[in-house]
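Student: Heads up, the sequence shown is in the working numbering, so the first residue is 1 and it goes up one at a time.
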Amino acid sequence: MNFTKKALVLTAFLCVQFIFAQYTDVINSNRPGVSKSAFSVGTNVAQIEVGPYIINEKHTPLNYEVSGFGADFTARYGLFFEQLEINLEGTYQNDTFTDNRSTISQEDKRSNFKQFTLGAKYLIYDPYKTEDGEEEKPNLYSYHANRAFKWKSLIPAVAVYAGANFDSKDNPYTAPGVEGFSPKIMVATQNNFSGGWVLVTNFLMDRIGTDYSDFQYIITLTHSFNPQWVIFAETQGIKSDFYADNLFRFGGGYLWSKDFQLDTAVTFNSKDTPSVFGINFGMSYRFDFHVDKETDNGNSRKDADKRKPKKKKGKNKRTDDFDDDGSL
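#1: Could you tell me whether the segment 51 to 61 touches the segment 82 to 89, where touching means 3 or more Cβ pairs closer than 8 Å?
#2: Would you kindly work out how many angstroms separate the C-alpha atoms of PHE80 and ASN171, rounded to a whole number?
#3: If you reduce the DSSP assignment to three classes, tell me which class LEU62 lands in.
#4: Is SER102 buried or exposed, if buried means 16 or more other CB atoms sit within 10 Å of its CB?
#5: Could you tell me the distance, in whole angstroms, from the CA atom of ALA265 to the CA atom of GLN93?
#6: Excluding five sequence neighbours on each side, which residues of the same chain lie with their C-beta closer than 7 Å to the C-beta of GLY68?
#7: Less than 7 Å separating the beta-carbons of SER29 and VAL200?
#8: Going by CA-CA distance only, name the one from TRP197, ASP167 and GLY177 that's closest to LYS184.
#9: GLN190 and SER284 look like a contact to me (Cβ under 8 Å); what is the Cβ gap, rounded to whole Å?
#10: Run through DSSP, which three-state label would LYS184 get?
#11: Indicate whether ASN112 and TYR173 have their beta-carbon atoms separated by less than 7 Å.
#12: Starting from the C-beta of GLN115, find all residues in its chain whose C-beta is less than 6 Å away, skip the five residues before and the five after it, and write them out in chain order.
#13: Since ARG31 and ASP288 should fall inside the 8 Å C-beta cutoff, what is the C-beta to C-beta distance between them, to a whole number of angstroms?
#14: Between TRP343 and LEU123, what straight-line distance do the alpha-carbon atoms span, to the nearest angstrom?
#15: Do ASN165 and ARG207 have their C-beta atoms within less than 7 Å of each other?
#16: Would ASN280 be called buried (16 or more neighbouring beta carbons within 10 Å of its own) or exposed?
#17: Got a sec, what are the start and stop residues for the beta strand (DSSP E) ASP214 sits in?
#18: What are the boundary residues of the beta strand (DSSP E) that GLN83 is part of?
#19: Using the three-state DSSP reduction, which class does LYS152 fall into: helix, strand or coil?
#20: Among the candidates SER270, MET186 and GLY282, whose CA atom is the shortest distance from the CA of GLU57?
#21: Taking DSSP's pairing of strands, which residues face VAL50 in a bridge?
#22: Give the secondary structure of VAL178 by DSSP, where H, G and I count as helix, E and B as strand, and everything else as coil.
#23: Return the residue from the list LEU255, ASP292 and ASP245 that minimises the CA-CA distance to HIS59.
#24: Just tell me which of LYS258, HIS290 and GLY251 has its CA closest to the CA of GLY282.
#25: Do the CB positions of PHE232 and GLY33 come within less than 7 Å of each other?
#26: Does PRO176 pass the burial test, meaning 16 or more other C-beta atoms within 10 Å, or should it be called exposed?
#27: Let me check understanding here. Comparing Cα to Cα, which of TYR254, ASP272 and ILE155 lies closest to ILE27?
#28: Helix, strand or coil, according to DSSP, for ASN30 in the structure here?
#29: Can you tell which of SER40, THR267, PHE277 and THR273 has the C-alpha that lies nearest to the C-alpha of TYR125?
#30: Would a C-beta distance cut-off of 7 Å place PHE248 and PHE277 closer than the cut-off?
#31: By alpha-carbon positions, which one of VAL66, THR24 and TYR64 ends up nearest to GLN47?
#32: Which value, in whole angstroms, describes the spacing of the CA atoms of LYS152 and ASP99?
#33: Under three-state DSSP, which class holds VAL230?
#34: Determine the burial state of LEU154: buried for a count of at least 16 other Cβ atoms within 10 Å of its Cβ, exposed for fewer.
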C-alpha cells in the first residue's frame, strides 16, 4: 500500500470513528467520564463498561471522613432499532465512615449500591444523516476537507432516556426515606467537531417523586490525538436538598483493539462540605454480533472478519485491518 492510499485509509478511519453512526467499526464507549453519549451501541451489540475506583472524602464543618473503594458498571445492548439501546447501570461502594466529632473517633463500615438503574435510550435526531437517510461519507480525496470546520457540526445529535432506580431500605448513600423504585429521565446531546473534538451534554432528573429528587448536568469534552488515544475534561453539577456539588474530572482512554478500551480519570471538587478526591481505572468490552439489516449481503462483523487478510504476529496497528485497496 503506497503512502497516498495509506493516508486516504487513515482519513476514512478517523472520520468513521468520530461520525458516530449507531454502529461503528470500533467500540463506542461512554467511558472515560460519566456522561452518556447520544448514540447507541448498534443492534445486536452487547457491551460492558466497568470502572473500579478509590474514594476519599472529608467534611470539615461536620468533622467526618470517608475512605474506601467501589466500582461503577454499565451493561448496554442495542435492541430492535439502531437508535434504541437498553442499559443497566450501577455503582457499588464499600467504605469506612469516620466520625471525629468526639474525643474518640467512631468508625462505621458501610457498603451498598449508590445507584442501580434499568433504562432505555433512544436517538430522536441525528444531524449526521443525509436527506435520504444515509450516513454522511468522508471525503476520501481530501484530508483537509474532513478536518475543516463545518457549521453543521454546531447542530447536536439528541437522545432521550427514561429509567427506573431501585434503592434498598436504609441505604447509607441515599437520603433518609428514599427507597424502592423511582423514575429517572435524561436528555443527551452530542456534537462531533472536526479535528477529533466531541462535546457531550446530559441534563437529567433523578429519583423523581421522592422528597429528595435531584437535577444534574454533565458536560464532557473529549479530544482524540489519533485512532487510539483520547483525553477528556468533564464537569458535573448536582443539585438537591440532600446533596449538592460541582465535580471535575480529567483523564484519558486507550483503544487496545476494536472491541476493547482502557481508561483512567481523577475526580475532585473545590469545597469542603465534603471535599472529594477519587481515582478510577476502567475498561469497556464489546461483544459484536451486528448485522446490517437493510443490506445484509455479507456485511456482518463475522463476514467482514472472514474477508480480512491474516495479520503478522507482533503488529497492532489499526490500518492492518484494511486491504491494499482500502477495503475490508
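Even for Gly, the Cβ is constructed at its ideal location relative to N, Cα and C. All of these numbers come straight from a predicted model, not from anything done at the bench.
Tutor: From the atom records:
#1: no
#2: Cα-Cα distance, rounded: 36 Å.
#3: The three-state secondary structure of LEU62, taken from DSSP, is coil.
#4: exposed
#5: 17 Å
#6: ILE55, GLN93, ASN94, ASP95 and THR96
#7: no
#8: ASP167
#9: The C-beta distance from GLN190 to SER284 rounds to 17 Å, too long to meet the 8 Å contact threshold.
#10: strand
#11: yes
#12: GLY90 and THR91
#13: ARG31 to ASP288, Cβ: 17 Å. No contact.
#14: Any answer about residue 343 is impossible in this case: the structure gives the chain only from 1 up to 328.
#15: Their beta carbons are under 7 Å apart, which means ASN165 touches ARG207 by this criterion.
#16: buried
#17: 214 to 224
#18: It is not in any beta strand (DSSP E) - GLN83 carries neither H nor E in the DSSP assignment.
#19: The answer is helix: DSSP assigns LYS152 an H, G or I state.
#20: Nearest of SER270, MET186 and GLY282 to GLU57, Cα basis: SER270.
#21: Under DSSP, the beta-bridge partners assigned to VAL50 are PHE73 and MET283.
#22: It is coil, neither helix nor strand.
#23: ASP245
#24: GLY251
#25: yes
#26: PRO176 is classed as exposed because its beta carbon has fewer than 16 other beta carbons within 10 Å across all chains shown.
#27: TYR254
#28: coil
#29: SER40
#30: No.
#31: THR24
#32: 54 Å
#33: Three-state result, VAL230: strand.
#34: exposed
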